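Novice:
In my numbering, the protein residues as written are 1 to 173.
#1: Distance check for residue 84 and residue 42, CA to CA, integer angstroms please.
#2: Tell me the DSSP bridge mates of residue 41?
#3: When you compare each of 81, 14, 92 and 86 to residue 109 by their alpha carbons, which one comes out closest?
#4: Residue 83 lies in the beta strand (DSSP E); which residues open and close that run?
#5: For residue 31, which three-state DSSP category applies?
#6: Residue 30 and residue 74 - do their beta-carbons sit closer together than 8 angstroms?
#7: May I have the straight-line CA-CA distance separating residue 36 from residue 52, to the nearest angstrom?
#8: Would you call the CB atoms of residue 105 and residue 12 closer than 8 angstroms?
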């Protein structure tokens, strides 16, 4: 278990306030939605297992209550915003946390939103852990294998104008 790798999953959660017409059980007459990105640190043996864990959590983000501004508040996950691998392994966590700047947990870029201002929900293939050489897949012997070595994505295209992330580097021959 100490050799498990550490990952951060970022989940896009919608919070929807709903108001209903008095005496009806019908659909809401008014609703307001806002979004947030929640981050979770966890351990997994590899990127595939990390993806399965994080994707498996999504149905659990569904809830409703009467604690908000509306008559009902609904919470639900829209999907994964990002999945990143951290540098330390699980067994290195205590010492890494004592480093001068602690542990880099990746970043959330507030500009990573769609045209409506909703944080992007990415497909498996668009997640950082499957794209970037910086989140390479480590071998037990300490060898580095880049995602491109395993038939991974060479070029990254985004549906928004302007560069978001540089394409993955090709490892030197």
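Using N, Cα and C, we set each Cβ at its ideal position, and we do this for glycine too. None of these values were measured; they are calculated from a predicted model.
Specialist: The answer reads as follows:
#1: In the chain shown, the residue the question calls residue 42 occupies position 42. In the chain shown, the residue the question calls residue 84 occupies position 84. Their Cα atoms are separated by approximately 11 angstroms.
#2: The sequence position of residue 41 within the chain shown is 41, counting from 1. In the DSSP assignment, residue 41 is bridged to 8.
#3: Your numbering for residue 109 matches position 109 in the chain shown. Residue 81 is the option with its Cα nearest to residue 109.
#4: Counting from 1 along the chain shown, the entry for residue 83 is found at position 83. Run containing residue 83: 72 to 89, per the beta strand (DSSP E) assignment.
#5: As a working note, residue 31 is residue 31 in the chain shown. Residue 31 carries a strand assignment under DSSP once its states are collapsed to helix, strand and coil.
#6: Taking the first residue of the chain shown as 1, we reach residue 74 at position 74. Taking the first residue of the chain shown as 1, we reach residue 30 at position 30. Against a cut-off of 8 angstroms, the Cβ pair of residue 30 and residue 74 comes out as no contact.
#7: As a working mapping, residue 36 is identified with position 36 in the chain shown. As a working mapping, residue 52 is identified with position 52 in the chain shown. In this structure, the CA atom of residue 36 is about 22 angstroms from the CA atom of residue 52.
#8: For the purposes of this step, residue 105 is identified with residue 105 of the chain shown, where counting begins at 1. For the purposes of this step, residue 12 is identified with residue 12 of the chain shown, where counting begins at 1. It is not a contact, given that the beta carbons lie outside the stated cut-off.
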